[in-house]
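Protein chains in written order, with our numbering: chain W, 1 to 247; chain G, 1001 to 1497. Glycine residues also receive a C-beta, built at the ideal position from the N, C-alpha and C atoms. Have a look at the structure below, then the notes.
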Ligand SMILES: Nc1nc2c(ncn2[C@@H]2O[C@H](COP(=O)(O)OP(=O)(O)OP(=O)(O)O)[C@@H](O)[C@H]2O)c(=O)[nH]1
Ligand SMILES: [Mg+2]
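Here is the structure:
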């Protein structure tokens, strides 16, 4: 749930990376941490086990001050994907303003993806939220591995689903910022519908996105910034990375 | 659970009992997640360790340090070198006023921000020529508090400022010159290096503490949430169970009614058949007699079956009446024994009876106790093949009630089991036996050891469950031991008064 602190002129948003175990949620956040400008993000906090499995969550805060003088904080969390952490997932997911669902492209993980998706919907309901109202973007990660769903299959899913869908190789950073960009844009649009960010806080979508993505590595920045300027539709046509790692 | 756990970072705060005390933190687990809470500096640092770190800095660089949280509470106050100098200025009205203004400003004045809107350190020059630097303590873009360094005498200043004497004419120059010697002289670039380092250290301390708080709080929240979930599931199960029991009772009532309704017409069928056989309605030929006899036989076994069902459903719906009296069990046992003899003959089964010439009196329902013995013996005959043998032993027996307190490997639980007196009835057979995984269930209603035995041996599977409910009604015990292929032993204990 977005929080407003008028006394401190502060807006806090929460987005959550959800998905089955080992799909690459933590990797996504680590990459975001690497790719964003150190000025605009805090430390990445990982509450994990010795073998790098997320135990409670990862948290990466991003913050900036709007030209109108509001401090905007975006808290980005990952949930632990292992089945046994169901309660923790529900707690971390609670109050999310937007969700990136990180699916594993490997064929063997199809069922795990579905289960995680169902549990996410269930958690929304238990947290008293209407899943229909939550901005969700989907990422098909690990496109570099063999035995993954084909590009055509992903394309078909993309064409049919109402959520934007992105292919990614998170360990290389491919598709990570695209996913985040779409997530933040969708989240902003959904929130501003209710809270009128531009009218009440003088915060436009373009300023919001530019503040987060400023000074990112040039090859990413140009494409992303071009999209901000052009106000391109929220479904970004992700260019597919060929399975087998040709890129 | 939530009331006893303490977040590690809050131990110092707990001593103060302030807003960031352990209770306040644990309370959060109850009324909202730690993830949604704003955490104060006192929650984040262990005050004693924090002071130690600050002390080592103050010692190393010989500069005073003060730390305030965002609400203006002083957490650390370390003075180095300037005490005598400042103390002297404090003695006079004019300089004391000026000093108070400076100190208040250090504590309260807002920070300037850079182009990105990030708070930056403030340099504050005292009227005396000394200098302070105020550094914001930042965590994730929030100002959690401030550190005040100084005062020190910047290298760029030749000495104490003339302003001192303008403000307060009573101050003597030679005292000022003597006391200022104890104040640290430092170049500004060294100070800014110290401060940068200091800021990093504090940031790491905050990050580490916050991490710890989050870990322990999330632990508590997750466990609490799982617990609530379990409780909820438990409740649902309980409800389902209650509903089932209700249904079960309904079904028993239904059975009782239906069985009763069936019995009346069935008795007529048997009665009329009997009359036919006795020739009351005229003579019959051989074939007709056979037919009627079959009708009567089947009718009678159907009646027996219905009677069993009726008994059971009466017991279950609580309508079975037990007439409890003191009675001698010996004639009851004898009668039961006699009734089984013809069946034994038919299968050439050896029937051994070991009953003493006298038995202690029993308090119970004479008829039901008899049925227990008859049923057990009937079962034994049914499952024992031709030429086998069965044995009945009845005696009085003393010992701890078996089966109740058996905890493997825990002798302690067996130490003080009281002995009780029982009438013991043991029935052995040389029948097919019961597999060990089925033993537990033989007393369940309608349970058949296996389907083939139903066909081979007939019966409803009600006998043993009726026996058990009779035994239970007498607060007795029944148990079974068996070896497949060798035979079974049923033991009943009726408590003696
Ligand atoms: N080949 C390949 N491996 C990946 C990719 N992304 C992540 N991985 C690997 O997958 C493993 C799991 O990644 P994590 O990011 O820890 O997964 P997670 O979803 O956070 O897992 P949990 O926290 O246990 O739910 C790690 O070994 C990653 O290096 C990818 O794009 N390609
Ligand atoms: Mg993880």
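### Message
Does residue 185 of chain W pass the burial test, meaning 16 or more other C-beta atoms within 10 Å, or should it be called exposed?
### Response
buried
### Residue nearest to residue 132 of chain W in terms of C-alpha spacing, selected from W:176, W:97, W:147, W:58
Among W:176, W:97, W:147, W:58, the Cα nearest to that of residue 132 of chain W belongs to W:97.
### Task
Classify residue 162 of chain W as helix, strand or coil using the three-state DSSP reduction.
coil
### Query
Along the chain, which unbroken stretches of the alpha helix (DSSP H) at least 4 residues long are found entirely within the segment 1132-1207 of chain G?
1163-1167, 1173-1179
### Identity of the residue in G:1444, G:1436, G:1135 nearest residue 1486 of chain G by Cα
G:1436
### Task
Kindly identify the DSSP beta-bridge partner or partners of residue 1397 of chain G.
G:1422
### Query
Rounded to a whole number of angstroms, what is the C-alpha to C-alpha distance between residue 1451 of chain G and residue 1429 of chain G?
Here the model assigns residue 1451 of chain G a pLDDT of 46, short of 50, so the residue's position is not dependable, and the following value carries that caveat. About 21 Å.
### Same chain, Cβ closer than 6 Å to residue 115 of chain W, five either side skipped, listed in chain order
none
### Task
Note down the Cα distance separating residue 1226 of chain G from residue 1315 of chain G, rounded to an integer number of angstroms.
41 Å
### Query
Got a sec: which bits of the segment 1197-1217 of chain G sit with their beta carbon under 7 Å from any beta carbon on chain W, in order along the chain?
1207, 1211, 1214, 1215
### Message
Nearest by alpha-carbon distance to residue 1211 of chain G: which of W:58, W:199, W:7 is it?
### Response
W:58
### Query
In whole angstroms, what separates the C-alpha of residue 1266 of chain G from that of residue 1299 of chain G?
7 Å
### Message
Please confirm whether residue 134 of chain W has its beta-carbon closer than 8 Å to some beta-carbon of chain G.
### Response
no
#### Entry: Cross-chain neighbours of residue 125 of chain W in chain C, by beta carbon under 8 Å
No chain C appears in the structure shown, which is made up of the protein chains W and G.
### Query
Skipping 5 residues on each side, what residues in its chain have a beta carbon closer than 6 Å to that of residue 21 of chain W?
Within the same chain, residue 21 of chain W has close Cβ partners 81, 82.
### Task
Please indicate yes or no: does the CB of residue 86 of chain W lie closer than 7 Å to some heavy atom of ligand 1?
Incorrect: residue 86 of chain W has no Cβ contact closer than 7 Å to ligand 1.
### Message
Count Cβ pairs between the segment 11-19 of chain W and the segment 174-194 of chain W that sit closer than 8 Å; are there 3 or more?
### Response
These segments touch.
### Task
Mind listing the chain W neighbours of residue 1229 of chain G? Cutoff is C-beta to C-beta under 7 Å, in chain order.
87
### Task
Check the Cβ of residue 61 of chain W against every Cβ in chain G and list those closer than 8 Å, keeping chain order.
For residue 61 of chain W, the residues of chain G that pass the 8 Å Cβ criterion are 1140, 1141, in the order they occur in the chain.
### Query
Given 8 Å as the limit, is there contact between the segment 1378-1394 of chain G and the segment 1333-1350 of chain G, that is, 3 or more CB pairs closer than that?
yes
### Message
Taking the beta carbon of residue 1325 of chain G as the centre, do at least 16 other beta carbons fall within 10 Å, making it buried, or is it exposed?
### Response
Of the other Cβ atoms in all chains shown, fewer than 16 fall within 10 Å of the Cβ of residue 1325 of chain G; this residue is therefore exposed.
### Query
Does the segment 22-39 of chain W touch the segment 50-69 of chain W, meaning 3 or more C-beta pairs lie closer than 8 Å?
yes
### Message
Looking only at its chain, what residues have a beta carbon closer than 6 Å to the beta carbon of residue 1262 of chain G, apart from the 5 residues adjacent to it on each side?
### Response
1306
### Query
Smallest Cα separation from residue 1478 of chain G: which of G:1050, G:1342, G:1419, G:1401?
G:1401
### Task
With a threshold of 7 Å, establish whether the CB of residue 1489 of chain G neighbours any heavy atom of ligand 1.
no
### Query
How should residue 1328 of chain G be labelled, buried or exposed, when 16 other C-beta atoms within 10 angstroms of its C-beta is the threshold for buried?
Under the 10 Å beta carbon count, residue 1328 of chain G is surrounded by fewer than 16 other beta carbons and is classified as exposed.
### Query
Does at least one heavy atom of ligand 1 sit under 7 Å from the Cβ of residue 139 of chain W?
Not so, every heavy atom of ligand 1 lies at least 7 Å from the Cβ.
### Query
What residues of chain G sit near residue 34 of chain W, judged by a beta carbon separation below 7 Å?
The contact set of residue 34 of chain W on chain G, defined by CB atoms closer than 7 Å, is empty, because the minimum CB distance reaches about 18 Å.
### Task
Kindly indicate the opening and closing residues of the beta strand (DSSP E) around residue 30 of chain W.
Element bounds for residue 30 of chain W: not the beta strand (DSSP E) but the alpha helix (DSSP H), 25-35.
### Whole runs of the alpha helix (DSSP H) within the segment 54-132 of chain W, excluding any shorter than 4 residues
86-93, 110-126
### Message
ligand 1 and residue 19 of chain W: does the residue's C-beta get closer than 7 Å to at least one heavy atom of that ligand?
### Response
Within the chosen limit of 7 Å, ligand 1 reaches the beta carbon of residue 19 of chain W through at least one heavy atom.
### Message
When you compare the CB of residue 191 of chain W with every CB in chain G, is at least one pair closer than 8 Å?
### Response
no
### Query
Cα separation between residue 1191 of chain G and residue 94 of chain W?
45 Å
### Message
Any beta carbon of chain G sitting closer than 8 Å to that of residue 213 of chain W?
### Response
no
### Query
By the 10 Å Cβ neighbour count, where 16 or more other Cβ atoms means buried, how is residue 109 of chain W classified, buried or exposed?
buried
### Query
Would a C-beta distance cut-off of 8 Å place residue 1364 of chain G and residue 1494 of chain G closer than the cut-off?
yes
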